Amino acid sequence: MVDERESRRRNSVFYWNLVSLKSLDLTCNFLSGKIPESLSKLKKLEQIELYQNQLTGELPESLAELPSLLRLDISQNSLTGKLPEKIAAMPLESLNLNDNFFTGEIPEVLASNQYLSQLKLFNNSFTGKLPSDFGKFSPLEDFDVSTNNFSGDLPPFLCHKRKLQRIVIFTNRFSGSIPESYGECESLNYIRMGDNAFSGNLPEKFWGLPLMQLFELQNNHFEGSISPSISALQKLTILRISGNNFSGDIPEGMCKLQNLTQINLSQNRFSGGLPLCITDLKLQTLELEDNELTGKLPGSVGSWTELTELNLARNRFTGEIPPTLGNLPALIYLDLSGNLLTGKIPEDLTKLRLNRFNLSGNLLNGKVPSGFNNEFFISGLLGNPDLCSPNLNPLPPCPRIKPGTFYVVGILTVCLLLLIGSVIWFFRTRSKFGSKTRRPYKVTLFQRVEFNEDEIFPFMKDDCIIGTGGSGRVYKVKLKTGQTVAVKRLWGVKREAEEVFRSETETLGRIRHGNIVKLLMCCSGDEFRVLVYEYMENGSLGDVLHGDKWGGLADWPKRFAIAVGAAQGLAYLHHDCQPPIVHRDVKSNNILLDEEMRPRMADFGLAKTLQIEVGDDGSNGGAMSRIAGTHGYIAPEYGYTLKVTEKSDVYSFGVVLLELITGKRPNDSSFSENKDLVKWVTEVVLSSLPPLASAQGGNDGGGYFGKKVAEIVDPRMKPSTYEMKEIERVLNVALKCTSAFPINRPSMRKVVELLKDQRCVQLVAQ
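Here's what the structure looks like:
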């Protein structure tokens, strides 16, 4: 074994002998420890690329001794400390320090750089004000300091050289107004200034920068109106200015922006009517909630064929709901609540496949269309005093027959029918679920469905069972409509079953994502709990990968697509749900595959929502009373802390990635005693590599791990050379995810980025 001093000496000799080296690129590896001081001896270096490693410690000032250095990228590591003034004074063209743990203020001398075109400091903990002369001497093109703790005014000279293309400064504490000079920056095409404390009016010309593609100012304190000059933004695709104090009319000039697909003007003080010409745009989302808009809703919405979300809630719109909204093929989110809409609910709206439906708090009247007569839509109908429904409590029943003889006869007839129906229901229920008398069961719908529970119960028999697990049995049910669903009946109604039932319904009932299985409905009675899901034709990833159907995953691209899709589903749970949701049982058997092998995260019986409480270790989470999860997937710290965190899911997902690469189960019988998949892969791939080869990604031309990676790849796959490089990249991500220390594991959002990182794809393909 070589001790640490000897290792440092060898590395020093190694770098000393590369005196003519101009570009040092060791990106996307597992380099750890501090950046060696010996790099300063490579006097001809023009570029240092160390991003996406596990480097720690501070940025050595000795790098300032490199006279030819032009580009420095040490992003995506775990570096700490301040930006040394000597390094800030270097004549660099690009400086990328993003995704680290840097602190302190930015040295004033950085603003004196005459060559700096790219500065990326995002995702750190920098503080203080930016140097006021930033950009005065620099040909800045790309400026990203988002997600820090910067404060004060923006530098007025940021676009002084007229080359600035991107300003990304969201999630800081900047204040004051936008400098007038920014309105002269016609090179700008990308602005993200959300989540700060800016105020005042925007410069007139700032609204009309001709190359602008994304314009994002949400959650500040801006005032004034939208300038008519916005019509000059012919390349604009996304406009987000929600959460400010903008007022006035929505200008008709916005209708000229033919590339605009997303508009979010919510939570402002806009007034007046909605321009009728807005229906000419091919929008995907239109969010105008919480304003003071008036007038009628536009009826000619034929061009909105790609619109998925329409939110006009809490305004002062009047008139009737246009029936033409029911013809929008992609609309899944409709919120018109809190307005002054009148008339009946158009029957055409029942044609929509809505995940979110809210017409509450209006002045609607008449009978609720039959397609909305179920519990899924109740909350979206309340607050309309004149709405009625024959069977939807708490809405009043609709009048049928005037008082008189026929009225009495009608009442008696209804009572008789109810009595007969109750008797039939009693005997049918007893035959299905036992002979005991019970209260009527409760049905809750989470999606629009064209069937009811009566069509499902007859198929809950042994010859329809397709799976049995710890929480219950799963049945395959083919309905009269031709649709097939999966029905899970939980074991009994004891505490564990009730916890699973509640977790599944509370979690899946409120989330919508293409990589998360859909819960269609649930049914609960005194002695049973039933959950109905969309049916996944190819079962679970575990069944396919380790069973007879493995031929469906014989090629690597399909496995990689599954990895990315499942990662996106988990990232949605962790980062886009409020509060965040931790699955707690991520494994290949809980990743379902549809007919085209697209993945869906499933089985949320152990899922927990996280309250945002920071623990002593800086992580979010809460302690559980018992260990939950599946052996082989459980993060090592979980066994003794019982703490639920997102990083527990990340570890389990890393194991799934290793399954996809190796084709082996987490506790494969081929492993020796006390060894699991993570230990086996780590030993085969990493332990046998010499220190220098490991630091450089191998010395045999094999990329990260050399030929060792071939020893762990599933022999049933025959990957090409390029695919082998991609497998190595995914292996890199998997080993990051399964780090023994939670702090070293990336977030699921970062995992998605790493899996799709084309920079690393290109590197390993060279």
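Going by the UniProt record's numbering, the sequence shown opens with residue 1, and the numbers climb by one from there. Glycine is no exception: its CB is placed at the ideal position from the N, C-alpha and C atoms. In this text the structure is predicted, and so the values were computed from the model without any measurement.
Setting aside the 5 residues that flank it on each side, V301 is surrounded in the same chain by T279, T324, each with a C-beta closer than 6 Å to its C-beta; the list follows chain order.
Bridge partners of D144 according to DSSP: K120, V168.
Nearest in C-alpha terms to N124, of all of W680, S117, L116, F150, is F150. Take the alpha-carbon of A232 and the one of C159: they are about 20 Å apart. Here K41 is not near L21, since their CB atoms are 8 Å or more apart.
In the structure shown, Y535 falls within a coil segment according to DSSP collapsed to helix, strand and coil.
In this structure, DSSP gives V449 a state outside helix and strand, which the three-state scheme calls coil. Residue environment for S360: buried (at least 16 other C-beta atoms within 10 angstroms of its C-beta). Per the C-alpha coordinates, the member of E726, F604, E728, M748 positioned closest to Y651 is M748. In this structure the region 276 to 293 lies against the region 305 to 322, because at least three pairs of beta carbons, one per stretch, are closer than 8 Å. Here the C-alpha atom of K296 lies approximately 18 Å from the C-alpha atom of C255. Of the other Cβ atoms in all chains shown, 16 or more fall within 10 Å of the Cβ of K587; this residue is therefore buried.
Rounded to whole angstroms, F459 and D585 show a C-alpha spacing of 28 Å. Here V532 is near V487, since their CB atoms are less than 8 Å apart. About 7 Å separates the CB atoms of L116 and E93; that is less than 8 Å, so the two are in contact. Excluding the 5 residues flanking it on each side, G319 has same chain C-beta neighbours closer than 6 Å at K296, in chain order. With distances taken between CA atoms, V168 lies nearest to S146 out of S146, F101, N189. In this chain, the beta strand (DSSP E) harbouring N311 covers 309 to 311. Taken through DSSP and simplified to helix, strand or coil, E184 comes out as helix. For the pair of segments examined, the region 45 to 52 was found to touch the region 61 to 71: the number of CB pairs separated by less than 8 Å reaches three. The bridge partners DSSP lists for I238 are L214, Q262. Rounded to whole angstroms, the separation of the alpha carbons of Q447 and R240 is 29 Å. Taking a contact to require three or more Cβ pairs closer than 8 Å, the region 652 to 659 and the region 555 to 568 qualify as touching. Classified as exposed, T468 has fewer than 16 neighbouring CB atoms from the shown chains inside 10 Å of its CB. By alpha-carbon distance to N744, the top candidate from Y51, S78, L24, V19 is S78. Beyond the five residues adjoining it in sequence on each side, K136 comes within less than 7 Å, by CB distance, of A111, F157, H160 in the same chain, given in chain order. Rounded to whole angstroms, the separation of the alpha carbons of E49 and D576 is 32 Å.
Classified as exposed, E683 has fewer than 16 neighbouring CB atoms from the shown chains inside 10 Å of its CB.
By the neighbour-count criterion, in which a residue is buried when 16 or more other Cβ atoms sit within 10 angstroms of its Cβ, G243 is buried. In the structure shown, N327 adopts helical secondary structure according to DSSP, grouped into three states. About 7 Å separates the Cβ atoms of L97 and K120, confirming a contact at the 8 Å cut-off.
In the DSSP assignment, L95 falls outside any alpha helix (DSSP H) and lies within the beta strand (DSSP E) extending over 94 to 96. Between K351 and G380, the C-beta gap is not smaller than 8 Å, which leaves the two residues out of contact. Within the same chain, and ignoring the five residues on either side of N245 in sequence, the residues whose Cβ sits closer than 7 Å to its Cβ are H221, F222, E223, N268, R269. In the three-state reduction of the DSSP assignment, Y51 falls in the coil class, being assigned neither a helical nor a strand state.
By the Cβ neighbour-count rule, T721 is exposed, with fewer than 16 other Cβ atoms within 10 Å of its own.
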